[in-house]
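Just so we're aligned: the sequence shown equals residues 97 to 1011 in this note's numbering. Report on the structure given below.
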Amino acid sequence: MEQSSSKPTFLICPACQGKGQLGIGPCLSCNGHGVYSWTAGRLLYWGKKINNRDIWQRRISDIINKVFSGVLLLIGLFGLFFLLQFFLKVRDYGFIFDSLFHEKHPELLVFWFSAWVDLYIYYRLAGKKEPGKRNVLTAQIAEKTAAPLSWEDANQFGNKLKIDISHSFNAEALKAIEKAWQMAEKLKHREVEPLHLLGASLGFSKTALIFGRLGIPLQSLKDRISQAFLSFFVDKGALIEPELSLRFKQILLQSYVVALEKRHRKVNLFDVLISCALLETPTYEVLYDLEINEDKLRNVVVWIETQEELAKKRKRFSFLAQLKPKGAMNRAMTAIATPMLDTLGQDLTLLARNGYLGACVARDKETEDIFSILETKNGGVLLIGNPGTGRTTIIEGIAQRMVTEEVPKILEDKRLVSLSLSALVAGASKTGSVEERVAAVISEVRRSGNIILFIGDIHNMIGIQTTQGELDISEILAQILKSQGVIVLATTTPADYRRYLEGTALDEALEKVQISEPKGNQAIQILEVKSGSIEYRQQIFFSYDSIAETIKFADRYIHDRYLPEKAITILEQAAVAVRKNRGKDGIVQKEDIAKIISERTNIPVTKITEKESVKLLHLEEKIHERMVDQEPAVKAAASALRRARAQLRDIKRPIANLLFLGPTGVGKTQLSKIVASVYFGSEKNMIRLDMSEYQEQTSIERLIGDVGTKTPGFLTEAVRQTPFSLLLLDEIEKAHPDILNVFLQVMDDGRLTDAFGRTIDFTNIILIATSNAGSQYIQDQMRAGSVYETIKRGLLEQELKTYFRPEFLNRFDDIIVFKPLSRTEIEQIASLLLAEVQVQMQTKGISLEVTPDAVKELAEAGFDPQFGARPLRRVIQERVSNALAKVILQGEVGRRDVVILGAGDKIEIKKAKRL
């Protein structure tokens, strides 16, 4: 897995300030080096002079080499021509193969000369393909000499400790450096800067591939670089050759460090580009502005290098696979036939040999752990991991290594065969049939001597259902493993291991390797490799951001499955959608991934549109369309929603934890419903718990489930099914203290474990608790004219302590006090409730008008200082809805008619004109 590069210590010549030049000649203080870097116990410097003469010398040398190679190729073709002439001459006399070596013909002389030339051509081509002499150090060199602290200290070091890194760059990287120099010369810049290097690198196919994967059009990047030349000061001078700037040399030195850490034989163009994102230069600013950092560049480079490496491995694999026996026989010809195993199992090494298994990457540690166990202990290895974490992929990776014999000696010249438990049981109608099959398989494995068994989900061997009932064959396998002679690789899940295997004889016989869910860069690199087959099938391409975004969103929002499987599923869905909407060669961007996640979870993770932005900025107004006053509560709720949508919150906690305090009927529950409707799309996305039903300690089973009765918890199951919702805890002061402890973990950690051991994610819910605690105090203080902050402080310091513990109250992001409603506010609420009735009537094609006097009269009848607006809804139902229902049922009103509700519950009907 890729790690961030360390930044070397730079020692800069005080005389020339790192330029290596003083006036028209080299700096005598540093011999033209300008800057050193202390790395791996060595002083590194750039010693190559870049100028027109050197560039043209290299180009002429390249041309001469190409011409020379062309002449050699022509000689080879001439040789084939003369060989053909020789065949035509001797065919009438009967061609004898020995005559090719014994006959003396001019044609043969030319042919053998050309054959020697052909061998020389092959030698030259092979030399170009080989990495050549390693110029980058292989490891950190332990030195007794302390690192230099100043330029003066560096000058005391001998030449043995100094390395000219210019000899360590490959041809492509050197060509990019020369192009950067030429760009600076063309632009008449005095110094070659990293910006020139970035601009020059855009002409290389590898660079185009990197930025293509990053979703950055090359023309856009070129425009940014051009603008950067204008924005950042670049000194222009007379018509003289430019010199390498200090920052340019530092980039080159950093490139060497990157190559060293990646164990490259030579510094390549990828190393140079990564370094551009490491050091804070104008180049760094350009990349940062495009949201490109070192981590992104590294992962894209790994993506490209891995694809290249896999292509090389496939060629090598194809060659080595030919050496692997095709059938059951090993190379030593000591194996025997295994008819029973062949019937019940599948040869994974044969599948690997024929190229049917996918690549296994970023799993070296787990594979090496398995190899280490097999080398030191007999028996078998049990891989414990959740479904989708790559257990089977690791086994398939081992099968591929067995084909190429890149395995420990104990696995060499062997077959890896997967035993099917379903095939083992199928058709076993007689008592003892399964045991006989197991015994036959084990006998064949022992006698053959070249078989490694793989048993997927080995826990299924306990309690196998047959026509004769349940059967446990794990004890038989355990005895066989303990007696040696058989090697088994197996898989299971953590839950099934605890339930079926832990403490059994089979558990003792197997060594355990934990297969954890891949995270971060490891998961990204796995997905990069897996994306190749999806790209091929769908004829589309993935950008790097789409890969990284998939990992981030899958890890954050999908909790019923595991990485990398759940991320691969999302990629496949996005690929299908892009192919359908944008056609062949479409590019999957991170917005496409966000859309898939949003559709799947109903969580808004897509980019905020201008329309949505306006809505979020005016949330208070939107809420007030259905809510009267209670300004502090509305503001707190709106602020929490804006933070969540802008992704400026702690993702390990719920979106918001809010406590609404106030008398009954003042709008606490109403505001909760409005928040659910506005942010989650519907009031249906609200999980409501009446906490008065959880006054007993045993009520906790209703929340998190009961293992004994296998009953899921109401709370945990509801959140598991709809993780993006509002959780309303109504009248929370009535709940048992132990129930409140459950919500301490929810509010603090954003998760809760149910009775079945499943971890339920609460990080995408808004938790709102309502309480009538301190209602009398609030009413008394309001009548006394106390301000809002004074009332809130009094509640926290005195009143609430009798209901809640301080640690519980401290978990809330905000505690909001709802004030009692006045008559004026009751009138406004009456208008809102009547508006709902008007909408109901409008669906029937009937208009409803309510006079101001009627509104005032209804508000007066529904006003109750003790119960707030709650009686008002009942009054409107009895005096308005009931009366309108009678009018409709009696047929007194029809479509397009207008019903006018006046004071004294008087109803007037204006009939529509006849058509």
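Here a beta-carbon is modelled for each residue, glycine too, at the ideal position from N, C-alpha and C.
Residue interval of the alpha helix (DSSP H) (run including residue i)
i	result
Met782	Here Met782 belongs to no alpha helix (DSSP H); instead the beta strand (DSSP E) covers Met782 to Asp786.
Ile480	From DSSP, Ile480 is part of no alpha helix (DSSP H) but of the beta strand (DSSP E) over Gly476 to Ile480.
Lys271	Ala267 to Lys282
Thr434	Unbroken run through Thr434: none, as it is neither H nor E.
Asn978	Asn978 to Leu985
His47	What the structure shows of the chain is the stretch from 97 to 1011, and residue 47 is not part of that stretch, so it cannot be assessed.
Tyr873	Ser871 to Arg879
Minimum Cβ-Cβ distance from residue i to chain B less than 8 Å
i	result
Leu713	No chain B appears in this structure, which consists of one protein chain only.
Closest residue to residue i among the options (Cα-Cα distance)
i	options	result
Ala851	Ser629, Gln841 and Thr805	Thr805
Glu289	Ala740, Asp553 and Tyr380	Tyr380
Leu757	Ile751, Ser768 and Pro750	Ser768
Ile378	Leu446, Leu293 and Asp443	According to the sequence as given, residue 378 is Pro; it is not Ile. It is Leu293 whose Cα lies nearest to the Cα of Pro378.
Ile770	Leu257, Tyr790 and Val730	Val730
Arg533	Tyr141, Ala242 and Ile569	Ile569
Ala519	Met557, Ile491 and Val883	Met557
Asp553	Gly484, Glu502 and Lys145	Gly484
Leu107	Ile548, Ser246, Arg741 and Leu577	Ser246
Thr697	Ile683, Arg722, Asn781 and Val625	Asn781
Lys1012	Gly1000, Val989 and Glu376	Outside the shown range of the chain, which is 97 to 1011, sits residue 1012, and nothing can be said about it.
Ile911	Ile666, Leu985, Lys764 and Ser882	Lys764
Ile643	His655, Asp656, Ser627 and Ile654	Ser627
Val774	Ile699, Arg816, Leu836 and Val842	Ile699
Arg138	Val625, Thr702, Leu342 and Gln252	Gln252
Ser735	Leu349, Lys711 and Arg449	Lys711
Ala733	Gln278, Met843, Phe810 and Ile862	Ile862
Tyr899	Phe908, Gly870 and Lys915	Gly870
Classification of residue i by the beta-carbon crowding that lies within 10 angstroms, buried from 16 upward
i	result
Lys115	buried
Ile828	buried
Thr794	exposed
Phe366	buried
Gly761	buried
Gln236	Unreliable positioning characterises Gln236 in this predicted model, as indicated by a pLDDT of 46, which lies under 50. The coordinate reading is nonetheless provided below. Under this definition Gln236 is an exposed residue.
His60	With the chain covering 97 to 1011 only, the question about residue 60 has no answer from this structure.
Asn395	buried
Arg879	exposed
Trp142	buried
Phe164	exposed
Gly121	exposed
Leu169	exposed
Val803	exposed
Arg155	exposed
Ser867	buried
Glu1004	exposed
Val397	buried
Residue range of the beta strand (DSSP E) that includes residue i
i	result
Ala1046	An answer regarding residue 1046 cannot be provided, because it is not within the stretch 97 to 1011 covered by the chain.
Leu515	Arg511 to Leu515
Trp134	Val131 to Thr135
Thr805	Neither: Thr805 is in no beta strand (DSSP E) and is coded neither H nor E.
Thr849	Arg847 to Thr849
Gln610	Leu606 to Gln610
Thr665	From DSSP, Thr665 is part of no beta strand (DSSP E) but of the alpha helix (DSSP H) over Glu661 to Arg678.
Gly777	Gly777 -> no beta strand (DSSP E), and no H or E assigned at all.
Ile321	Element bounds for Ile321: not the beta strand (DSSP E) but the alpha helix (DSSP H), Leu314 to Ser327.
Leu107	Thr105 to Ile108
Gln442	Gly441 to Asp443
Per DSSP, cross-strand counterpart(s) of residue i
i	result
Ala865	Leu755 and Leu825
Glu1004	Ile996
Tyr141	Asp260
Val684	Phe638
Leu549	Val513 and Val584
Pro122	Gln117
Val288	Leu340
Thr855	Thr849
TODO: Note down, one range per segment and in chain order, each alpha helix (DSSP H) of at least 4 residues found wholly within the segment 909-946.
DONE: Runs of the alpha helix (DSSP H) inside the segment 909-946: 919-938.
- [ ] Tell me the start and end of each unbroken alpha helix (DSSP H) in the segment 334-408 that is at least 4 residues and wholly inside, in chain order.
- [x] 342-357, 365-372 and 378-385
Open item on the list: Restricting to runs no shorter than 4 residues, where is the alpha helix (DSSP H) found entirely within the segment 723-770?
Closed with: Correct list: 727-741.
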